[in-house]
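Student: Here's a structure for you.
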Amino acid sequence: MKARFIVFYCIMDDQPRGLDINGYLKLFEPDTQTLTGALFQVAQTSEVITVLNATAGNYSVIYVVPGKIEELQCREAYEFLVQREKGLSKVAEDIIGRDSRRSILTGALVLAGIGILFYVGYYYHALSEINNLLLFIGLFLSLLGGVLRGYQKKRVRASAPRHRSE
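In the working numbering, the protein residues as written are 531 to 696.
Shown next as structure tokens:
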């Protein structure tokens, strides 16, 4: 996958001290739109972006830093390979976390649609045709979902240096 932007996401237990981070944006409990704006702003100067999520007490602080920071001590680390600018907003949604009610509603609608298709297939004695149709719809939506998302997420090792085989 050819990436236009690379976003490194690091979840830390404490504030980043002693790190050489220049030109960073510091966000206190940001929403999705604020983080998207910060990612767009940093993406204008750098194709590699590091996002540090540090928890401090009851709130979280997110640092958006241009470039990659070496020697980070992360609890969890992810790498997002972003193909286009729209993917940066999807990455921000993934980092902040989506509304769970929307996900539940979408899943319920998909299950209701599948149930209706099975009922129609049973009623008209066409279950084999409906099964084939659902197979092709599932394959099409899985391929289309990855393309529409606009980024690829990979979990990386948190603090160890990269091995030459990676």
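Even for Gly, the Cβ is constructed at its ideal location relative to N, Cα and C.
(1) Considering only the alpha carbon of each residue, which of Arg-614, Ala-622, Thr-585, Ala-568 lies closest to Met-542?
(2) Under 8 Å: do the segment 591–604 and the segment 654–663 share three or more Cβ pairs, one atom per stretch?
(3) Can you tell me where the beta strand (DSSP E) holding Lys-556 begins and where it ends?
(4) Please tell me whether Leu-557 and Gln-571 are closer than 8 Å, where the distance is taken between their beta carbons.
(5) Can you tell me which of the three DSSP states Leu-611 falls into?
(6) For the segment 557–603, list the alpha helix (DSSP H) runs that are entirely contained and at least 4 residues long, ordered along the chain.
(7) Does the beta-carbon distance from Val-581 to Tyr-649 come in below 8 Å?
(8) Measure the alpha-carbon distance for Cys-604 versus Ala-568 and round it to whole angstroms.
(9) Consult DSSP for Tyr-539 and reduce its assignment to one of helix, strand or coil.
(10) When burial is assigned at 16 or more other CB atoms within 10 Å of the CB, is Ser-619 buried or exposed?
(11) So, is Ala-638 buried or exposed, given that buried needs 16 or more other C-beta atoms within 10 angstroms?
(12) Judging by CA-CA distance, which residue of Tyr-608, Glu-600, Thr-575 is the nearest neighbour of Asn-583?
(13) DSSP puts Lys-684 in a beta bridge; with which residues?
(14) Taking the CB atoms as reference points, tell me whether Ile-660 and Leu-611 lie closer together than 8 Å.
(15) Pick from Asp-544, Ile-551, Gln-613: whose alpha carbon is nearest that of Val-591?
(16) Going by beta carbon distance, what residues of the same chain come within less than 7 Å of Leu-565, once the five residues before and after it are set aside?
(17) Could you tell me which of Arg-534, Tyr-589, Ile-644 sits nearest to Glu-559, measuring between CA atoms?
Tutor: Looking at the atomic coordinates:
(1) Counting from one through the sequence shown, the residue named residue 542 turns up at place 12. When each option's Cα is compared against that of Met-542, the closest is Thr-585.
(2) no
(3) In the sequence shown, residue 556 corresponds to position 26, counting from 1. Element bounds for Lys-556: 555–558.
(4) Here residue 557 refers to the residue found at position 27 of the sequence shown. Here residue 571 refers to the residue found at position 41 of the sequence shown. Contact flag unset, no.
(5) Translated into positions along the sequence shown, residue 611 becomes position 81. Note: Leu-611 maps to strand in three-state DSSP.
(6) 562–573
(7) Locating residue 581 in the sequence shown gives position 51, where the first residue counts as 1. Locating residue 649 in the sequence shown gives position 119, where the first residue counts as 1. No.
(8) The count along the sequence shown starts at 1 and reaches residue 604 at position 74. The count along the sequence shown starts at 1 and reaches residue 568 at position 38. Each residue's Cα considered, the two are about 21 Å apart.
(9) Along the sequence shown, read from residue 1 onward, the residue named residue 539 stands at position 9. Tyr-539 falls in the strand class under three-state DSSP.
(10) In the sequence shown, residue 619 corresponds to position 89, counting from 1. It is buried - the Cβ of Ser-619 has at least 16 other Cβ atoms within 10 Å.
(11) If you number the sequence shown from 1, residue 638 lands on position 108. Counting Cβ neighbours within 10 Å, Ala-638 comes out exposed, since fewer than 16 surround it.
(12) One-based indexing of the sequence shown puts residue 583 at position 53. The residue with the shortest Cα to Cα distance from Asn-583 is Tyr-608.
(13) Translated into positions along the sequence shown, residue 684 becomes position 154. Answer by DSSP bridge pairing, in chain order: Glu-609.
(14) Stepping through the sequence shown from its first residue, residue 660 is reached at position 130. Stepping through the sequence shown from its first residue, residue 611 is reached at position 81. No. Outside cutoff.
(15) Translated into positions along the sequence shown, residue 591 becomes position 61. Here the closest residue by C-alpha is Asp-544.
(16) Numbered from its first residue, the sequence shown carries residue 565 at position 35. Cβ neighbours of Leu-565 beyond the five flanking positions: Leu-557, Ile-592, Ala-622, Ile-625, Ile-626.
(17) Within the sequence shown, numbered from 1, the residue matching residue 559 stands at position 29. Minimum Cα distance to Glu-559 is reached at Tyr-589.
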